[in-house]
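Sequences listed follow chains A and B, in order. Numbering-wise (the numbering used here), the first sequence opens with residue 2 and increments by one. Numbering-wise (the numbering used here), the second sequence opens with residue 979 and increments by one. In this text, a Cβ means the ideal position worked out from N, Cα and C, and glycines have one as well. Reading through the structure tokens given below for one structure.
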Amino acid sequence: MRRLRGALTPYLLMLPAGLWLLVFFAIPLVYMASVSLMTGNLIDGWKLTWHWQNYTEGLDVYGDKLLRSLWYGLIATVACIVLAYPAAYWIAFKGGRHKSTWLFLLLLPFFVSFVLRTISWKLVLTDNGPILGPLKSWGLLPDGFHVLDSGFAVISGLTYNFLPFMVLPIYVALERIDYRTIEAAYDLYAGRVEVFRRVVLPLSLPGVFAGVIMTFVPVTSDYVNAQVLGGPGNTMIGNVIQAEYFTNSNYHTASALSFTLMALLLIGIFAYARALGTKDVLEAAGR
Amino acid sequence: MTRPDNDPAFVRGIDPAPVRSIDPAFVRGMTTRRGALRLLGASAAAFALSACGIPGQGGRGKVNQAQIDAFWKGKGGKGSINWANWPGYMEDDRATIKAFTKETGIQVAYKEVIQEAAEWFGKIQAPLAANQSIGFDLMVVTSGIQTTKLIELGYLAPLDHTRLTRFAKHAGRKFQNPPYDPGNAFTIPYVSGVTGIAYNTKYVKEEITSVAQLFDPKYRGRVGMMSDSQELGNFAMFALGIDPEKSTPKDWENAARKLRDQRDQKIVRKYYEQNYIDAVTKGDVWLTMAWSGDVYSLASDDVKFVVPREGGTIWTDLMMIPKTAANPVDALTLMDWLYDPRRNATLTEYINFVTPVPEAKKFIAADAAAAKGDDKADLERLSSSPLVFPSDADLAKLRTYRVLTQQEETQYQKIFLPIVQGS
Chain A
2 MRRLRGALTP YLLMLPAGLW LLVFFAIPLV YMASVSLMTG NLIDGWKLTW HWQNYTEGLD
62 VYGDKLLRSL WYGLIATVAC IVLAYPAAYW IAFKGGRHKS TWLFLLLLPF FVSFVLRTIS
122 WKLVLTDNGP ILGPLKSWGL LPDGFHVLDS GFAVISGLTY NFLPFMVLPI YVALERIDYR
182 TIEAAYDLYA GRVEVFRRVV LPLSLPGVFA GVIMTFVPVT SDYVNAQVLG GPGNTMIGNV
242 IQAEYFTNSN YHTASALSFT LMALLLIGIF AYARALGTKD VLEAAGR
Chain B
979 MTRPDNDPAF VRGIDPAPVR SIDPAFVRGM TTRRGALRLL GASAAAFALS ACGIPGQGGR
1039 GKVNQAQIDA FWKGKGGKGS INWANWPGYM EDDRATIKAF TKETGIQVAY KEVIQEAAEW
1099 FGKIQAPLAA NQSIGFDLMV VTSGIQTTKL IELGYLAPLD HTRLTRFAKH AGRKFQNPPY
1159 DPGNAFTIPY VSGVTGIAYN TKYVKEEITS VAQLFDPKYR GRVGMMSDSQ ELGNFAMFAL
1219 GIDPEKSTPK DWENAARKLR DQRDQKIVRK YYEQNYIDAV TKGDVWLTMA WSGDVYSLAS
1279 DDVKFVVPRE GGTIWTDLMM IPKTAANPVD ALTLMDWLYD PRRNATLTEY INFVTPVPEA
1339 KKFIAADAAA AKGDDKADLE RLSSSPLVFP SDADLAKLRT YRVLTQQEET QYQKIFLPIV
1399 QGS
């Protein structure tokens, strides 16, 4: 009896999370997959007709939005790394006693709702608003210049909104570096650049890897920033899926586009893990 | 779908026999992680197959007296309602609601949660399909694709006209028995309005008179269009000289081409829901498609509203009760109360849209006679404005939304929806 219980323990431990995943992830996912192959409408209902054209039609009409989303996601993720790494580095190594204060300050804006913050950008960046207005009246910018409703505004908003998801993992990775390894490198006559390049950077890469996954995936499928800060030329695939599902009730198209996006994201992440060498990353993380 | 009952692979997949006989191999399978995963996968697949298809819910747009009686039977007022409406549709100090509460004792929680008909429909569709409450007893939706769907899908409470006596007495003839809701079975109008062009005279140095000016490359990046597919399509058809009421799918294709041109030449700054008011006041856009009353009640004197010479659309926003409303009786009381000409006049003085109660005009004129200074001028302008009290000749120039069948709607949406998304 005890042996049986012992054998069952791992499954019992897995049960709550497993059920959670089954009910709220696996079943809806399979269901969505079947919806993506249906045809119909709200009035007449939908039928599973194995209509693979939902995928090709979706790509035909909205393929460029998919590419744009991946492109925006890539730029915003790189911008996040560029902004987050120095900040995390400084806090981890030079933050001293006040490390947690600095981290708190960095996270402070994120206690305010995501949508509210994005809308406040809109107020600040409006064509004749507090920033662009004076610059235009001083003649530093041409009259027709605008930031809102442009790709620049959308990417900036994305970068800003997802920055903490990059800072935190990088900070954790840097924080965990044993300072003795750095001292050892200096003892072996490494210069500051060498220490960074050959000790700190490789040891912090797992953090960057985690940060990239945590930003690239949600950034690519985001729709709030493009909705609030973008114009007709900046629609992202998230907006299309949102509109197809919630305003147009085209469940089949929305599902097909969602799966296409998911496939592309998975391919992207796996390619990235491959390129970086997952094995090395895991090894580094295990140290 | 056709369930492959005879497909041996399918039957094997769901046959519970091995479980009943507790095949040792099955138990062994359970004890490996892969086995557990396989079981998981199989159950998910079985679920998906059993759930193929989503049943249609259409064809519920006709009700008989028995159904109406059945809905209202045993329902009484509970003294409070939740009302979902559009921004700008009530005084800032909610004076009309306060007066209603004072007279009837019914509390009203008023929320400006509706920005666009399609978006609102998307939000409430799932709970209504599941027969769940949407948290509102009364809502206001525009006569158009979404209202037709709400009626067809049986999401609305059939109105008990024995409790709508003021509506019967005071509603203008054109507001009764409309083609999109014969006999006002499910809806009665809140207000009507005209879609035209608003422009900011600080930036636009010419008179705006024509839809064509929305397509003028001179205003590159300074034009706002509406994201609502019917509004958007109608204006492109005006520009092409097509009457939207009589338009054909071929006209829609042409209109879509015109709109794509306009977008790809970067003339359109943005497709707006209701937030164009803010943009045109600040000067982010210089001219934009707009709803009459929004501009009328705007504080800024720089923004002007015109009905273009090619035509404008007239639409009606309708009061309706979702079938899952917690307190439909008090909602009905409020709907009827708003048809009292005196009370309706007070509301109209603020919101400046076309009122369905023509008799309100004389009360507004009386208020104007009694008022002084700026207020007097405003009220006089209002009581004589063709945008609030259009004459029959004015109405003849305006076009209504085309009522689309399900098949036409699918085709129409397929043509116009991707434009706003940039495709």
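Is the beta carbon of residue i less than 7 Å from the beta carbon of residue j?
{"i": "residue 1222 (chain B)", "j": "residue 1212 (chain B)", "result": "yes"}
{"i": "residue 225 (chain A)", "j": "residue 1399 (chain B)", "result": "no"}
{"i": "residue 1181 (chain B)", "j": "residue 1261 (chain B)", "result": "yes"}
{"i": "residue 1171 (chain B)", "j": "residue 1269 (chain B)", "result": "yes"}
{"i": "residue 258 (chain A)", "j": "residue 59 (chain A)", "result": "yes"}
{"i": "residue 1208 (chain B)", "j": "residue 1093 (chain B)", "result": "no"}
{"i": "residue 1138 (chain B)", "j": "residue 1059 (chain B)", "result": "no"}
{"i": "residue 37 (chain A)", "j": "residue 197 (chain A)", "result": "no"}
{"i": "residue 1334 (chain B)", "j": "residue 1150 (chain B)", "result": "yes"}
{"i": "residue 220 (chain A)", "j": "residue 123 (chain A)", "result": "no"}
{"i": "residue 931 (chain B)", "j": "residue 1377 (chain B)", "result": "With chain B running from 979 to 1401 in the structure shown, residue 931 (chain B) is simply not present."}
{"i": "residue 263 (chain A)", "j": "residue 212 (chain A)", "result": "no"}
{"i": "residue 1062 (chain B)", "j": "residue 1089 (chain B)", "result": "yes"}
{"i": "residue 1202 (chain B)", "j": "residue 1263 (chain B)", "result": "yes"}
{"i": "residue 1393 (chain B)", "j": "residue 1293 (chain B)", "result": "no"}
{"i": "residue 1193 (chain B)", "j": "residue 1136 (chain B)", "result": "no"}
{"i": "residue 116 (chain A)", "j": "residue 171 (chain A)", "result": "no"}
{"i": "residue 1272 (chain B)", "j": "residue 1113 (chain B)", "result": "no"}
{"i": "residue 1363 (chain B)", "j": "residue 1343 (chain B)", "result": "no"}
{"i": "residue 1286 (chain B)", "j": "residue 1188 (chain B)", "result": "yes"}
{"i": "residue 1346 (chain B)", "j": "residue 1358 (chain B)", "result": "yes"}
{"i": "residue 149 (chain A)", "j": "residue 126 (chain A)", "result": "yes"}
Could you tell me which chain B residues have their CB closer than 7 Å to the CB of residue i, listed as they occur along the chain?
{"i": "residue 250 (chain A)", "result": "1100, 1103"}
{"i": "residue 263 (chain A)", "result": "Correct list: empty, because the minimum Cβ distance to chain B is about 16 Å."}
{"i": "residue 129 (chain A)", "result": "1260, 1261"}
{"i": "residue 244 (chain A)", "result": "1399"}
{"i": "residue 236 (chain A)", "result": "1399, 1400"}
Along chain A, which residues have their Cβ under 7 Å away from the Cβ of residue i?
{"i": "residue 1165 (chain B)", "result": "Neighbours of residue 1165 (chain B) on chain A: none; closest Cβ ~18 Å, over 7 Å."}
{"i": "residue 1241 (chain B)", "result": "233"}
{"i": "residue 1278 (chain B)", "result": "Going along chain A, no residue has its Cβ under 7 Å from residue 1278 (chain B), so there is no contact; the nearest lies around 13 Å."}
Name, please, each residue of chain A whose Cβ falls closer than 9 Å to the Cβ of residue i.
{"i": "residue 1396 (chain B)", "result": "62, 63, 241"}
Quick one: which chain B residues come within Cβ less than 8 Å of residue i?
{"i": "residue 43 (chain A)", "result": "1034, 1035, 1036, 1103, 1127, 1131"}
{"i": "residue 102 (chain A)", "result": "Residues of chain B passing the Cβ test: none, with the nearest at roughly 38 Å."}
{"i": "residue 189 (chain A)", "result": "None at all; the shortest Cβ gap to chain B is about 45 Å."}
{"i": "residue 66 (chain A)", "result": "1399, 1400, 1401"}
For residue i, return the contacting residues in chain B, with the cut-off set at a CB-CB distance below 9 Å.
{"i": "residue 150 (chain A)", "result": "1199, 1247, 1248, 1262"}
{"i": "residue 46 (chain A)", "result": "1031, 1032, 1033, 1034, 1035, 1036"}
Starting from residue i, find everything on chain A with Cβ-Cβ shorter than 8 Å and list it in chain order.
{"i": "residue 1097 (chain B)", "result": "247, 248"}
{"i": "residue 1191 (chain B)", "result": "Within 8 Å Cβ-Cβ: nothing; residue 1191 (chain B) doesn't reach chain A, min ~18 Å."}
Confirm the yes/no value for this check: CB of residue i, any heavy atom of the ligand NAP, distance under 6 Å.
{"i": "residue 100 (chain A)", "result": "Questions concerning the ligand NAP fall outside what the structure shown contains, since it holds no ligand whatsoever."}
> Is the region 125-134 of chain A in contact with the region 82-99 of chain A, if contact means three or more CB pairs nearer than 8 Å?
Replying inline: Of all C-beta pairs linking the region 125-134 of chain A to the region 82-99 of chain A, fewer than three are shorter than 8 Å, placing the two stretches out of contact.
>> Which runs of the beta strand (DSSP E) at least 3 residues long sit entirely within the region 1095-1183 of chain B? Give them in chain order.
In response: Here the runs fully enclosed are 1116-1120, 1165-1178.
>> Quick test of the definition: if touching needs 3 or more C-beta pairs under 8 Å, does the region 182-198 of chain A touch the region 156-168 of chain A?
In response: Short answer: they don't touch.
>> For the pair the region 47-67 of chain A and the region 141-155 of chain A, tell me if three or more CB-CB distances fall below 8 Å.
In response: The region 47-67 of chain A, when compared against the region 141-155 of chain A, does not touch it at the 8 Å Cβ threshold.
> If you scan the region 28-101 of chain A from start to end, which runs of the alpha helix (DSSP H) of 4 or more residues do you find wholly inside it?
Replying inline: Taking only runs of at least 4 residues, the alpha helix (DSSP H) segments lying wholly in the region 28-101 of chain A are 28-36, 54-95.
> What runs of the alpha helix (DSSP H), each 4 residues or longer, lie entirely inside the region 1030-1100 of chain B?
Replying inline: Within the region 1030-1100 of chain B, complete alpha helix (DSSP H) segments of at least 4 residues are found at 1043-1050, 1073-1082, given in chain order.
> For the region 134-147 of chain A, which residues have a beta carbon sitting closer than 9 Å to at least one beta carbon of chain B?
Replying inline: For the region 134-147 of chain A, which is checked against every Cβ of chain B, the residues closer than 9 Å are 145, 147.
> In chain order, which continuous runs of the beta strand (DSSP E) of length 3 or greater are located wholly inside the region 1220-1265 of chain B?
Replying inline: Entirely contained in the region 1220-1265 of chain B, the beta strand (DSSP E) runs reaching 3 residues are, in chain order, 1246-1250.
> Touching or not, the region 1160-1167 of chain B and the region 1071-1089 of chain B, by the rule of three or more beta carbon pairs under 8 Å?
Replying inline: Result no; under three Cβ-Cβ pairs closer than 8 Å.
> Curious, which full-length alpha helix (DSSP H) runs of at least 4 residues does the region 183-239 of chain A contain?
Replying inline: Counting whole runs of 4 or more residues, the region 183-239 of chain A contains the alpha helix (DSSP H) stretches 193-196, 202-222, 225-230.
> Between the region 1304-1319 of chain B and the region 1036-1048 of chain B, do at least 3 Cβ pairs fall closer than 8 Å?
Replying inline: As far as the Cβ criterion goes, the region 1304-1319 of chain B does not touch the region 1036-1048 of chain B, which means the pair count is below three.
> Using Cβ-Cβ distances below 8 Å, what residues of the region 1053-1064 of chain B are close to chain A?
Replying inline: So the list is empty, because no residue satisfies the distance condition.
> Contact between the region 1119-1133 of chain B and the region 42-58 of chain A: three or more CB pairs below 8 Å?
Replying inline: A contact exists between the region 1119-1133 of chain B and the region 42-58 of chain A.
>> Using a Cβ-Cβ cutoff of 7 Å, what residues of the region 1366-1393 of chain B are near chain A? List them in chain order.
In response: Cβ contacts with chain A: 1384, 1388, 1391.
> If we count Cβ pairs, one from each stretch, closer than 8 Å, do we get three or more for the region 1285-1304 of chain B versus the region 1381-1389 of chain B?
Replying inline: Counting Cβ pairs under 8 Å, fewer than three are found: no touch.
> Between the region 1173-1192 of chain B and the region 1279-1289 of chain B, are three or more C-beta pairs nearer than 8 Å?
Replying inline: The region 1173-1192 of chain B makes contact with the region 1279-1289 of chain B; the number of CB pairs closer than 8 Å reaches 3 or more.
> Is there contact between the region 1094-1113 of chain B and the region 1191-1210 of chain B, where contact requires at least three CB pairs shorter than 8 Å?
Replying inline: With a cut-off of 8 Å, the region 1191-1210 of chain B and the region 1094-1113 of chain B count as touching, because enough Cβ pairs lie within range.
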